[in-house]
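Everything on this sheet refers to the single structure shown next.
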Amino acid sequence: MTPSSRRKFIRLFSGGLSVLPFLELSNPLYAGEARERMLHANSLDASSMADDEDFWGWVRESYTVSPNIINLNNGGVAPQPKVVQDTHIRYYQYSNEAPSYYMWQILDQGREPLRERLASLAGCDKEEIAINRNSTEGLNTVIFGLNLKAGDEVVLTRQDYPNMINAWKQREKRDGVKLVWLDLPLPMESDDEIASRYINACTSRTKVVMVTHLINWTGQIMPVRKIADAVHAKGIQVIADGAHTFAHLDFKIPDLGCDYFASSLHKWLSAPFGSGLLYIKKDRIRDVWALLSNNEPDGPDIRKFESLGTRSFASEMAIGAAIDFHEVIGSARKEMRLRKLKNHWVDQVKDLPRIGFNQPRTPHMSCAIANVSIEGKKPEEVAGELFTRYKIHSVAINWEAIHGVRITPNVYTSLKELDKLAGALRKMAV
Ligand SMILES: Cc1ncc(COP(=O)(O)O)c(C=O)c1O
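To convert, count from 1 in the sequence shown and add 694; that's our numbering.
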C-alpha cells in the first residue's frame, strides 16, 4: 500500500470523498459511471426502472457472469460484482504486505464507518449492528446467548433453516428448553392465518418466537411484524432469520418490530463470502451473552459479538463496496426488478397442466425466489435435466412436505436466460 493509497483509505473514513466512497476508492472510473446511472435512476420512479433494460444490462456487465452455465441458484449464495471482487483482492494484497500493520492498524479503521453504513442501510442505530460472518453465526449467538431455563417455551417451525433448528435442539437437550413446533402447510396465502398459528402456539411459558423472514425452501415471505406485535403484547421476544431478506426486499429492520435479526451479506447484498450482520435492539443487548469470550460478555456494547479472533479484514472491508453497488441499484428498484424476473418465467409456464408451484401466488408474499415442480418427476430429476441438457444450475429441494426445484435469479439475470428456463420446463412438462 503506497503512502498515498493509505491516506486515501483513511480520508475515505473521515467522509471526504463522494456519495459512493468505497467504489470511488476502488475504481474511480467505474464509480463515475455508477453515479450517473444512479442519478438517472433516481430521477424516475422505481416501477418504470424495473423495465429499463439498458440499466439492468449495465448491472449485468458489472458482474463476471459465467459464460458456461446459467446460474439460477442465487439463493444459496450470490456472486459479487467485479468491483467488489477487485476491492476485496486489493485489500487482501495490502494485508499481505504486513498483516499486523495493514489489517490491524489501517483496515481496522474502517470498521466503525462500515458499521455506520450498514446501520444506515438497515435503518437502525449503529450501536445495534455487529459485523460478523453469516446468519448462522448471528442467529446462533442469540439462540445460545439468551437466558432461558428448563420449561421455558420457544415457538419455531419445521420449515425453518436446519442450522437454527439444530441450535434450538441443542438448547432443548442441554437446558431443557421446550420446543413448540409449527408445521406450516406451505405455500400459505394469508398473512393473518400464518400469524395466528404462531400466536395460538404461545402459552404463558413462551419466552421466544423465531420466525424465518423468508422461507428459503419456497420463497414465502412471512408477516414478521404481525407476529411480533401480537406476541410482544404477551412479553415474548422475537428472533427474525433474515438470511434471505436483507438487500432483497425493500424494508428497514425496525419495520419488522423484532428484537433480534441476522443476515448473510454474501446472499442478497453480493458482499464477499463469509460476511454477515447481527442486529439486536439496543435495550436487548445486555440480555444476550457473547457467544465467544469477551471481557464484558453480558455488557451493553454490541461489539462484544465481534470477538471472533483473527480473520480476514479484507473481506469485511469490501462489504463497503457492495453497499455502494447496492445503493446504485436502490432497494425499491431491486425488489421490483427481482419480482419482475420471477414473474417473467413463472407466467410463461404457470398454466401448463403438469407444472405446480410451492411459492405463494399472492404478489407481496414472494419476490425473487420460486419453487417449481413437474408432476411425475422428482425434484432431483428436474434439476438434473435442467443442468445436463440446458446448463441451467438450480437446486432440488426435498424438505418436510416441500418437493420442487428452487429457482432464484439475481439482478444480473437476463430475460433471455429466463426464457430459456421457461422453454426447458415447457419441454420437460409435456
Ligand atoms: C433461511 C436461512 N437461514 C439461515 C441460513 C444460513 O446462512 P449462512 O450459511 O450464510 O449462515 C440460510 C442459508 O441459506 C437460510 O436460507
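Backbone N, C-alpha and C fix where the C-beta goes; we use that ideal spot for every residue, glycine too.
With DSSP run on the structure shown, which of helix, strand or coil describes T912?
Assigned with DSSP and collapsed to three states, T912 falls in coil, not helix or strand.
What does the Cβ neighbour count give for K843, buried or exposed, with the cut at 16 atoms within 10 Å?
Burial call: exposed.
Could you give the first and the last residue of the continuous alpha helix (DSSP H) run that contains Y788?
For Y788, the enclosing alpha helix (DSSP H) stretches over residues K776 to E791.
For A937, the first and last residue of its enclosing alpha helix (DSSP H):
Segment: none, A937 is in no alpha helix (DSSP H) and carries neither H nor E.
Can we say the region 904–922 touches the region 797–806, given the rule of at least three CB pairs closer than 8 Å?
As far as the Cβ criterion goes, the region 904–922 does not touch the region 797–806, which means the pair count is below three.
Quick check: L801 and I825, are their CB atoms within less than 8 Å of each other?
The answer is no: Cβ separation not under 8 Å.
Between the region 1030–1037 and the region 1103–1111, do three or more beta carbon pairs fall short of 8 Å?
Yes: the two stretches touch, three or more of their Cβ pairs being nearer than 8 Å.
The alpha helix (DSSP H) enclosing L963, as first and last residue numbers:
For L963, no alpha helix (DSSP H) encloses it, and the DSSP letter there is neither H nor E.
Tell me the DSSP secondary structure of A1064 in three-state form.
Here A1064 sits in strand by DSSP.
Simplified DSSP assignment, three categories, for N826
It is a strand residue.
In angstroms, rounded to a whole number, what distance separates the CA positions of D981 and K946?
Approximately 23 Å between the Cα atoms of the pair.
Considering only DSSP beta bridges, list what R701 is partnered with.
None; R701 has no bridge partner.
Tell me whether the region 1078–1090 and the region 868–877 touch, counting them as touching only if at least three CB pairs, one residue from each stretch, are closer than 8 Å.
The region 1078–1090, when compared against the region 868–877, does not touch it at the 8 Å Cβ threshold.
Indicate the three-state DSSP secondary structure (helix, strand or coil) for T835 in the structure shown.
Three-state result, T835: helix.
Rounding to the nearest angstrom, what Cα-Cα distance links H734 and M743 in this structure?
Spanning the two alpha carbons is a distance of roughly 10 Å.
Just checking, does the region 1000–1011 make contact with the region 882–901 on the three C-beta pairs under 8 Å criterion?
In short, these stretches do not touch, since the Cβ pair count stays below three.
Report the residue ranges of all beta strand (DSSP E) runs contained in full by the region 867–894; include only those spanning at least 3 residues, in chain order.
Segments of the beta strand (DSSP E) lying fully in the region 867–894: 872–876.
Distance, Cα to Cα, I893 vs V932?
Straight across, the Cα-Cα distance linking I893 with V932 is about 12 Å.
So, with DSSP's three-state summary, where would you put N765?
DSSP places N765 in strand when its eight states are reduced to three.
Specify whether the region 1025–1032 and the region 990–1006 touch according to this definition: at least 3 beta carbon pairs, one from each stretch, less than 8 Å apart.
Counting Cβ pairs under 8 Å, fewer than three are found: no touch.
I want to check one thing, is the minimum distance from the CB of S964 to the heavy atoms of ligand 1 below 7 Å?
Between ligand 1 and the CB of S964, the shortest heavy atom gap is not smaller than 7 Å.
Does I763 pass the burial test, meaning 16 or more other C-beta atoms within 10 Å, or should it be called exposed?
I763 is exposed by the Cβ-count criterion.
Any chance you could list the beta strand (DSSP E) runs of at least 3 consecutive residues sitting entirely within the region 953–1004, in chain order?
Every unbroken stretch of the beta strand (DSSP E) spanning 3 or more residues and falling wholly within the region 953–1004 is given here in chain order: 954–958 and 970–974.
Whole-angstrom Cβ separation of L876 and W862, contact assumed at under 8 Å?
Contact between L876 and W862 does not hold, since the beta-carbon distance rounds to 13 Å and is not under 8 Å.
Would you be able to state if there are at least three C-beta pairs under 8 Å between the region 751–765 and the region 1042–1053?
The region 1042–1053 is not in contact with the region 751–765.
Return the first residue and the last residue of the beta strand (DSSP E) that W1093 is part of.
Element bounds for W1093: V1089 to W1093.
Excluding the five sequence neighbours on either side, which residues of its own chain have a C-beta within less than 6 Å of the C-beta of F967, listed in chain order?
The answer, listed in chain order, is H960.
So, does the CB of A813 fall closer than 8 Å to a CB anywhere in chain B?
Absent from the structure: chain B. Only one protein chain is present.
Around the C-beta of G970, are 16 or more other C-beta atoms found within 10 angstroms, so that it is buried, or is it exposed?
Classification of G970: buried, given that the 10 Å Cβ count is 16 or more.
For L986, collect the residues of the same chain with a Cβ closer than 6 Å to its Cβ; drop the 5 residues on either side in sequence, then sort them by chain order.
Excluding its 5 nearest sequence neighbours in each direction, L986 has C-beta neighbours in its own chain below 6 Å: S1001, listed in chain order.
Would DSSP call R1055 helix, strand or coil?
Three-state result, R1055: coil.
Quick check on this structure: which residue in D745, V1066 and K1121 has the alpha carbon closest to the alpha carbon of I1096?
Among D745, V1066 and K1121, the Cα nearest to that of I1096 is on V1066.
Here's a check: name, in chain order, each residue in its chain whose Cβ is nearer than 7 Å to the Cβ of R700, leaving out the five neighbours to either side.
Cβ within range, chain order: I800.
What is the residue span of the alpha helix (DSSP H) that I1013 lies within?
Element bounds for I1013: I1013 to I1023.
Would you tell me roughly how many angstroms separate the C-alpha atoms of K1121 and L766, rounded to the nearest one?
Rounded to the nearest angstrom, the two C-alpha atoms are 18 Å apart.
Do you know how far the Cα of R827 is from the Cα of L833?
About 11 Å.
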